[in-house]
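J.: Line order of the protein sequences matches chains A and B.
The first sequence begins at 0 in numbering that gives the first Met the number 0 and counts up one residue at a time.
The second sequence begins at 0 in numbering that gives the first Met the number 0 and counts up one residue at a time.
From the three backbone atoms N, C-alpha and C, an ideal C-beta is built for every residue, glycine too.
In this text the structure is predicted, and so the values were computed from the model without any measurement.
Quick one: the structure is below, and I'll ask about it shortly.
2 protein chains.
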Amino acid sequence: MQNNTLLSVSVAREKILQGISPLTSEKCSIHSAHNRIVAEDLIALISHPAQAVSAMDGYAARLSDIVTVPTLLPKVGTSRAGCMYEKPLLAGELVRIFTGAVIPDGCDTIVLQEDTEIVQGKIQINEQPKLGQYIRKPGLDFLAGQKIITKLSQLTSRSCALIALAGFSEVNVIKKPQIGILTSGDELVAPGQFPKPGQLINSNNLLLSSLIRSSGGEPFDLGILPDKPGALIEKLTNSTDLDLIVTTGGASVGDHDFIAADIKNDPNTALYFWKIAMRPGKPLLFGKYKNTPLLGLPGNPVSAGVCSVLFLTPIIKKFLGLNPNLSYSNALITQDLTKNDKREEYLRATLFENNEGIRYVTPASIQDSSMLAILNKADCLIQRPAFAPKIKRGSVVSILNFPNLF
Amino acid sequence: MQNNTLLSVSVAREKILQGISPLTSEKCSIHSAHNRIVAEDLIALISHPAQAVSAMDGYAARLSDIVTVPTLLPKVGTSRAGCMYEKPLLAGELVRIFTGAVIPDGCDTIVLQEDTEIVQGKIQINEQPKLGQYIRKPGLDFLAGQKIITKLSQLTSRSCALIALAGFSEVNVIKKPQIGILTSGDELVAPGQFPKPGQLINSNNLLLSSLIRSSGGEPFDLGILPDKPGALIEKLTNSTDLDLIVTTGGASVGDHDFIAADIKNDPNTALYFWKIAMRPGKPLLFGKYKNTPLLGLPGNPVSAGVCSVLFLTPIIKKFLGLNPNLSYSNALITQDLTKNDKREEYLRATLFENNEGIRYVTPASIQDSSMLAILNKADCLIQRPAFAPKIKRGSVVSILNFPNLF
Numbered sequence: 000m001q002n003n004t005l006l007s008v009s010v011a012r013e014k015i016l017q018g019i020s021p022l023t024s025e026k027c028s029i030h031s032a033h034n035r036i037v038a039e040d041l042i043a044l045i046s047h048p049a050q051a052v053s054a055m056d057g058y059a060a061r062l063s064d065i066v067t068v069p070t071l072l073p074k075v076g077t078s079r080a081g082c083m084y085e086k087p088l089l090a091g092e093l094v095r096i097f098t099g100a101v102i103p104d105g106c107d108t109i110v111l112q113e114d115t116e117i118v119q120g121k122i123q124i125n126e127q128p129k130l131g132q133y134i135r136k137p138g139l140d141f142l143a144g145q146k147i148i149t150k151l152s153q154l155t156s157r158s159c160a161l162i163a164l165a166g167f168s169e170v171n172v173i174k175k176p177q178i179g180i181l182t183s184g185d186e187l188v189a190p191g192q193f194p195k196p197g198q199l200i201n202s203n204n205l206l207l208s209s210l211i212r213s214s215g216g217e218p219f220d221l222g223i224l225p226d227k228p229g230a231l232i233e234k235l236t237n238s239t240d241l242d243l244i245v246t247t248g249g250a251s252v253g254d255h256d257f258i259a260a261d262i263k264n265d266p267n268t269a270l271y272f273w274k275i276a277m278r279p280g281k282p283l284l285f286g287k288y289k290n291t292p293l294l295g296l297p298g299n300p301v302s303a304g305v306c307s308v309l310f311l312t313p314i315i316k317k318f319l320g321l322n323p324n325l326s327y328s329n330a331l332i333t334q335d336l337t338k339n340d341k342r343e344e345y346l347r348a349t350l351f352e353n354n355e356g357i358r359y360v361t362p363a364s365i366q367d368s369s370m371l372a373i374l375n376k377a378d379c380l381i382q383r384p385a386f387a388p389k390i391k392r393g394s395v396v397s398i399l400n401f402p403n404l405f
Numbered sequence: 000m001q002n003n004t005l006l007s008v009s010v011a012r013e014k015i016l017q018g019i020s021p022l023t024s025e026k027c028s029i030h031s032a033h034n035r036i037v038a039e040d041l042i043a044l045i046s047h048p049a050q051a052v053s054a055m056d057g058y059a060a061r062l063s064d065i066v067t068v069p070t071l072l073p074k075v076g077t078s079r080a081g082c083m084y085e086k087p088l089l090a091g092e093l094v095r096i097f098t099g100a101v102i103p104d105g106c107d108t109i110v111l112q113e114d115t116e117i118v119q120g121k122i123q124i125n126e127q128p129k130l131g132q133y134i135r136k137p138g139l140d141f142l143a144g145q146k147i148i149t150k151l152s153q154l155t156s157r158s159c160a161l162i163a164l165a166g167f168s169e170v171n172v173i174k175k176p177q178i179g180i181l182t183s184g185d186e187l188v189a190p191g192q193f194p195k196p197g198q199l200i201n202s203n204n205l206l207l208s209s210l211i212r213s214s215g216g217e218p219f220d221l222g223i224l225p226d227k228p229g230a231l232i233e234k235l236t237n238s239t240d241l242d243l244i245v246t247t248g249g250a251s252v253g254d255h256d257f258i259a260a261d262i263k264n265d266p267n268t269a270l271y272f273w274k275i276a277m278r279p280g281k282p283l284l285f286g287k288y289k290n291t292p293l294l295g296l297p298g299n300p301v302s303a304g305v306c307s308v309l310f311l312t313p314i315i316k317k318f319l320g321l322n323p324n325l326s327y328s329n330a331l332i333t334q335d336l337t338k339n340d341k342r343e344e345y346l347r348a349t350l351f352e353n354n355e356g357i358r359y360v361t362p363a364s365i366q367d368s369s370m371l372a373i374l375n376k377a378d379c380l381i382q383r384p385a386f387a388p389k390i391k392r393g394s395v396v397s398i399l400n401f402p403n404l405f
């Protein structure tokens, strides 16, 4: 499967995703389950409410005692949340009841507090109640045995609360993909160091680690890879517990780019391809080191960023059992675009939605792949297919929104 | 300012926000700055690129040496990323250069690698280059002294990479609001405990803590508050370092709800109001314990959830210096709605967008405020103003989307 031809973005992504298998699950306390993906349907362990409870503050009553209004009845006790009235409600009795409190046996209606007044030490009911009013039946919210969360849902605040209420203290969630990051290049220095002439601060590690974390993975910094043959294999020897290795830089055709060569030359690796027909990001690589998939992103900050949106986040989604497809949408272009060449292009662009909900997209005036400040200001990418013809201002174009917090 | 009249949602929110001041800033390593809010404009400390660099693999050349093509010139050295060619480029010389490498002095154009071939040990240039082509000027991305991030921006993956590249190793960010959570009610048991008849698993703490964390705050579990006078003040005595206290339950008009009473009776507290005209969530309270604002949410899981979207997330935004306004939008209702009473209503609803981008919203068939499973399935809330007239299917209604991961 080794070849040097340019692959299209969609074929590249398909081939990459074929090499990724969804991860297994692990137990997780509900206190740290927010944002995780549940690995199985969750079936309520207990009903909510477990017993019939009152939906309002008032009086538990028997409808047959209230033939006409006003009616005067004695209060024989109280049922409140956490302290129920243990006896049955007998004919001719009222029990003071509060919201959420258990309905006594025999009660079939709740008289609202505001529909009563105290008269001669008894409770006078001034409004005729209806049968069953303000009584929440057992299991009104959900019954024990009922499915409350579907497999592969992401646990939100609401669903964490729901599974707590349903009796769970821990849940099976999909493991977080463990992703090693190797940034490549002799010119790189760590953030905070002042670069000498010709050196560059390593920004890709920060971009990737934060993106991996906010996409549901766990990043591991494997350090900076020097530009020399064999360096990659040396770094990876002790990195066998990872689900994915991501490299940046060193995957170009330059004489000093050794990643592809390293992978080709090692008997434990496989190289699937290393050039794809896209801009920014032509030098992209997918392979395996032993059983660990390896994604080689370009070193240019913008190319690394755009390629991580196009290839890395779908990989993480597939690991998590989620749909890895990118969600393109449409917008109207605010200026003419020239025809495109053989490389599918992703233009950094800003989006504007007018009052009628119509979206207009404007490409940045410079699209140089070293310009991170422009990527930072962009709202989305305009996708231009290979060989797209020139188009006029006002035409519909396909756009790709960024992942949350990218 | 103490009163018993029903306040409108918007007036309540306004009064609450008047009691909240934006927090001060703290230093934060760029490695943990993702998602944080920057407290000041960030001005690049160094330019990117710091020197003129090549945008392509090829040869650094002097245009005056290439009068016609083909031209044969000798390669006198190499400039690569991390290892520049230190001497000036003299007339009649070429220097092999790689993407990102520093341009030697005297070079004014880059000849693409694919436009050359090796002939008799020299480099034959086959295509006429243009002046300055493929040379990235110093500061092309940004110049030292240029503003790269605006005050109160949220730091995304892209902006973390950008500030690293601009020379930062730490930044001033707005402090995370420290928010204590007190869940109130004798009926509550912790998740994982099996509730006895009349008991209820505490789900509000999980809902609030995860929402606070994903909104940029830091939650602290202050435990479960028993239903007895004075319990609130007892719990708060040692909680003076918090920016906000959130309670759930115990703020109703029921005989056993002591929070409002506790706040009223203590000389260190202030009670601003405790009933607002909304459904779900009438019993809502805002006050102060010493100098710490206190937000009392209803105890019903759905009411607590809806009120946290309407009141708690705007508070967190104001703490973080962000715009606290809720962003309502429009959708078409798929069924008739009856007229509304004096309480502004927030209906749990599902949203559907058709191919033309038109959004349709359907309220859940039961709107009981104890039904967390329905809140969990909802995509948004339909806002119905107080005294809204009945409307027909197809009418425009106002909807409120949930915060991310709510």
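1. So who's on the other strand from residue 33 of chain B, going by DSSP bridges?
2. Between residue 343 of chain A and residue 7 of chain A, is the Cβ-Cβ spacing less than 8 angstroms?
3. Quick one: does residue 132 of chain B have its CB under 8 angstroms from some CB of chain A?
4. Could you run through the segment 367 to 382 of chain A and flag, in chain order, every residue whose CB is less than 7 angstroms away from some CB of chain B?
5. How is the beta strand (DSSP E) around residue 396 of chain B delimited, first residue to last?
6. According to DSSP, is residue 292 of chain B helix, strand or coil?
7. What number of angstroms, rounded off, separates the C-alpha of residue 375 of chain B from the C-alpha of residue 305 of chain B?
8. I'd like to know if residue 0 of chain B contacts chain A, where contact means its C-beta is closer than 8 angstroms to some C-beta of that chain.
9. Would residue 15 of chain B and residue 318 of chain B be called neighbours here (beta carbons separated by less than 8 angstroms)?
10. Have a look at the DSSP bridge pairing and note the partners of residue 106 of chain B.
11. For the alpha helix (DSSP H) containing residue 12 of chain B, list its first residue and its last residue.
12. Rounding to the nearest angstrom, what Cα-Cα distance links residue 329 of chain B and residue 100 of chain A in this structure?
13. Between the Cα of residue 221 of chain A and those of A:215, A:214, A:229 and A:236, spot the shortest distance and give me the residue it belongs to.
14. Which runs of the beta strand (DSSP E), 3 residues or longer, sit entirely within the segment 63 to 117 of chain B?
15. Identify which residue in B:190, B:346, B:209 and B:384 has its Cα closest to the Cα of residue 178 of chain B.
16. Please classify residue 40 of chain B as buried or exposed, where buried requires at least 16 neighbouring CB atoms within 10 angstroms.
17. Quick one: list the residues of chain B neighbouring residue 203 of chain A, beta-carbon separation under 8 angstroms, in chain order.
18. Within 8 angstroms, do at least three Cβ pairs link the segment 98 to 116 of chain B to the segment 58 to 72 of chain B?
19. For residue 135 of chain B, which residues of its own chain have a beta-carbon under 7 angstroms away from its beta-carbon, when the five flanking residues on both sides are left out?
20. Just list the beta strand (DSSP E) runs in the segment 119 to 205 of chain B, keeping only unbroken ones of 3 residues or longer that don't cross its boundaries, in chain order.
21. When you check each C-beta in the segment 294 to 315 of chain A against every C-beta of chain B, which residues fall closer than 8 angstroms?
22. Ignoring anything shorter than 3 residues or poking outside the segment 326 to 384 of chain B, list the beta strand (DSSP E) runs there in chain order.
23. Exposed or buried, what is residue 347 of chain A when buried is set at 16 or more other beta-carbons lying within 10 Å of its beta-carbon?
24. If the criterion is Cβ atoms closer than 8 angstroms, does the pair residue 422 of chain B and residue 23 of chain B meet it?
25. Quick check on residue 217 of chain A: does DSSP put it in helix, strand or coil?
26. Would the segment 146 to 158 of chain B and the segment 180 to 192 of chain A be scored as touching if the rule is three or more Cβ pairs under 8 angstroms?
27. Thinking residue 153 of chain A and residue 34 of chain A are a contact (beta carbons under 8 angstroms), I'd like their distance in whole angstroms, please.
28. Report the neighbours of residue 352 of chain A on chain B: residues whose CB is nearer than 9 angstroms to its CB, in chain order.
29. Distance cutoff 8 angstroms, beta carbons only. Does residue 34 of chain A sit that close to anything in chain B?
30. Closer than 8 angstroms between beta carbons: that is the criterion. Which residues of the segment 7 to 36 of chain B meet it against chain A?
31. Using the three-state DSSP reduction, which class does residue 57 of chain B fall into: helix, strand or coil?
32. Quick one: grab the DSSP three-state call for residue 412 of chain B.
33. May I ask you to list, following chain order, the residues of the segment 178 to 202 of chain B that have a beta carbon less than 8 angstroms from some beta carbon of chain A?
34. Starting from residue 22 of chain A and walking both ways along the beta strand (DSSP E), at which residues does that stretch end?
35. Does residue 128 of chain B have its Cβ less than 8 angstroms from a Cβ in chain A?
36. Cβ closer than 8 angstroms: which chain A residues qualify as neighbours of residue 101 of chain B?
T.: On the basis of the coordinates in this document:
1. As computed with DSSP, residue 33 of chain B is found in no beta bridge at all.
2. Against a cut-off of 8 angstroms, the Cβ pair of residue 7 of chain A and residue 343 of chain A comes out as a contact.
3. no
4. 367, 369, 370, 371, 372, 374 and 375
5. 395 to 400
6. strand
7. 11 angstroms
8. Residue placement at residue 0 of chain B cannot be trusted, given a pLDDT of 39 that sits under 50; what the coordinates show is reported in the next sentence. Chain A, which has no Cβ nearer than 8 angstroms to the Cβ of residue 0 of chain B, makes this no.
9. With contacts defined by Cβ atoms closer than 8 angstroms, residue 15 of chain B and residue 318 of chain B do not form a contacting pair.
10. Its beta-bridge partners do not exist; DSSP assigns none.
11. Taken as a continuous stretch (DSSP letters only), the alpha helix (DSSP H) holding residue 12 of chain B covers 8 to 17.
12. 38 angstroms
13. A:236
14. 70 to 72, 74 to 78, 93 to 96 and 108 to 111
15. B:209
16. exposed
17. 160
18. yes
19. 48, 51, 52 and 54
20. 121 to 124, 146 to 148, 169 to 173 and 177 to 183
21. 298, 299, 300 and 304
22. 327 to 332, 343 to 352, 358 to 362 and 379 to 383
23. Classification of residue 347 of chain A: buried, given that the 10 Å Cβ count is 16 or more.
24. Nothing can be reported for residue 422 of chain B: it is not among the residues displayed for chain B, which extend from 0 to 405.
25. strand
26. no
27. 7 angstroms
28. Simply none; closest approach about 10 angstroms.
29. yes
30. 29, 30, 33 and 34
31. strand
32. No answer is possible for residue 412 of chain B: it lies beyond the span of chain B, which begins at 0 and ends at 405.
33. 184, 185, 186, 187, 190, 191, 193, 194, 196, 197, 198, 199, 200, 201 and 202
34. No beta strand (DSSP E) contains residue 22 of chain A, which DSSP labels as neither H nor E.
35. So, not an interface residue.
36. 196 and 197
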